[in-house]
Amino acid sequence: MPSLPTGHPDLDRLLPGSGWPRAALTELLAPQPGIGELSLLMPALARLSDEDTWIALVSPPHLPYAPALAQARVNLSRLLIIRTQDGADTLWAMEQALASGACSAAIGWPSFVNERALRRLQLAAEKGRALGMYFSGGQATSSSLAALRLSLFPAEDGLGVRVLKVRGPGIGTTLTLPLDGRPASAPAPLDSPVTARPSRVA
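So this is what it looks like as structure tokens:
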């Protein structure tokens, strides 16, 4: 399976291909927004933003903090922030972005997921050869179609990460990743010229 380095060597060593799986789904379980979850993704987003493709952020809970993104070398001109009306729209927008071939990654914050939706997202990621990631609540379920599942939690020296599902011996491993301490998002309204509202096609 093709992969993209996470930018965190300790995490890469636990993952097949030494990075985030591409053409597949990654589930990130976080108890609440603002614990450093976007900082975890910054190195990969910076790398992807050098490509001639888009990075879609679908229904983020807060407006991504542009100065922190720019300082992390993320090319802001390659970001799409997509506002949605509800959880079904979020899943639909993620599916369209992943399958389009125009997006190297689609990262979503759906209010719910189910097996049917995840299967559609997985097929879309395979079709578009894209990195698919979604944030869910902090409570892990017994199973998931995601190729990689990580539980995130605040830690004294950075962000705590526990590997819940991975191909290989890394399952159950817990590590703390140092973060730079700068917020990657700010609690501001999602009003931005790069914001787009999806329009469903029946």
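Count along the sequence shown from 1, add 21, and you get the number used in the working numbering. Backbone N, C-alpha and C define an ideal beta-carbon position, used for all residues, glycine too.
Please look up how many angstroms separate the CB atoms of L185 and L198, rounded, as I've assumed it's under 8 Å. Locating residue 185 in the sequence shown gives position 164, counting from the first residue. Locating residue 198 in the sequence shown gives position 177, counting from the first residue. Between L198 and L185 the Cβ distance is about 16 Å, and since that is not below 8 Å, they are no contact.
Among S132, A65, L69 and S125, which one has its Cα closest to the Cα of A145? If you number the sequence shown from 1, residue 145 lands on position 124. Nearest C-alpha to A145: S125.
For the stretch 30-103, which segments carrying the alpha helix (DSSP H) assignment without a break, of at least 4 residues, lie completely within its bounds, in sequence order? 30-33, 58-69 and 87-92
Could you have a look at G202 and say whether DSSP puts it in helix, strand or coil? The sequence position of residue 202 within the sequence shown is 181, counting from 1. With a pLDDT of only 46 at G202, under the threshold of 50, the placement of this residue in the model should not be trusted; the figure read from the coordinates follows. Coil.
Return the CA-CA distance between L36 and L25, expressed in angstroms with no decimal places. Taking the sequence shown and counting its residues from 1, one reaches residue 36 at position 15. Taking the sequence shown and counting its residues from 1, one reaches residue 25 at position 4. Going by the C-alpha atoms only, they are around 10 Å apart.
If I measure Cβ to Cβ from H29 and keep anything under 6 Å in the same chain, skipping five residues before and after, which residues do I get? Counting from 1 along the sequence shown, the entry for residue 29 is found at position 8. If we look at H29 and ignore the five residues flanking it on each side, its Cβ neighbours are L198.
For S165, name the three-state secondary structure that DSSP assigns. Locating residue 165 in the sequence shown gives position 144, counting from the first residue. Coil at S165, not helix or strand.
Quick check: the stretch 97-105 against the stretch 76-87, are there 3 or more CB pairs under 8 Å? yes
What residue ranges within the stretch 107-176 form continuous beta strand (DSSP E) runs of no fewer than 3 residues, ordered along the chain? 124-129, 152-157 and 169-176
Output the distance between the C-alpha atoms of H83 and W113, rounded to the nearest integer angstrom. Locating residue 83 in the sequence shown gives position 62, where the first residue counts as 1. Locating residue 113 in the sequence shown gives position 92, where the first residue counts as 1. When rounded, the distance between both Cα atoms is 20 Å.
When you compare only the Cα positions, how much space is there between A167 and L139? In the sequence shown, the residue the question calls residue 167 occupies position 146. In the sequence shown, the residue the question calls residue 139 occupies position 118. Answer to the nearest angstrom: the Cα atoms are 8 Å apart.
Look at the alpha carbon of W130 and the alpha carbon of S80, and state the distance between them as a whole number of angstroms. In the sequence shown, counting from the first residue as 1, residue 130 sits at position 109. In the sequence shown, counting from the first residue as 1, residue 80 sits at position 59. Their backbone Cα atoms lie some 6 Å apart in a straight line.
Over the uninterrupted beta strand (DSSP E) stretch that includes V184, give me the two end residues. Reading the sequence shown from its first residue, position 163 is the one you call residue 184. Per DSSP, V184 belongs to the beta strand (DSSP E) from G179 to K186.
Tell me whether F156 is buried or exposed, calling it buried when 16 or more other Cβ atoms sit within 10 Å of its Cβ. As a working note, residue 156 is residue 135 in the sequence shown. Buried, since its Cβ has 16 or more Cβ neighbours within 10 Å.
Express the C-alpha separation of D71 and P88 in angstroms, rounding to a whole number. Looking up residue 88 in the sequence shown gives position 67. Looking up residue 71 in the sequence shown gives position 50. Taking the straight line from one Cα to the other gives about 17 Å.
Take G189 and list the residues in its own chain whose beta-carbon comes closer than 6 Å to its own, dropping the five residues that flank it on each side. For the purposes of this step, residue 189 is taken as the residue at position 168 of the sequence shown. Cβ neighbours of G189 within its own chain (closer than 6 Å, five residues either side excluded): P37.
Mind checking whether I128 and M154 have CB atoms under 9 Å apart? On the sequence shown, position 107 is the one that residue 128 refers to. On the sequence shown, position 133 is the one that residue 154 refers to. For I128 and M154, yes; Cβs fall inside 9 Å.
Alpha carbon to alpha carbon, how far is I103 from A262? Give it in angstroms, no decimals. Any property of residue 262 remains undetermined from this structure, which presents the chain solely from 22 to 223.
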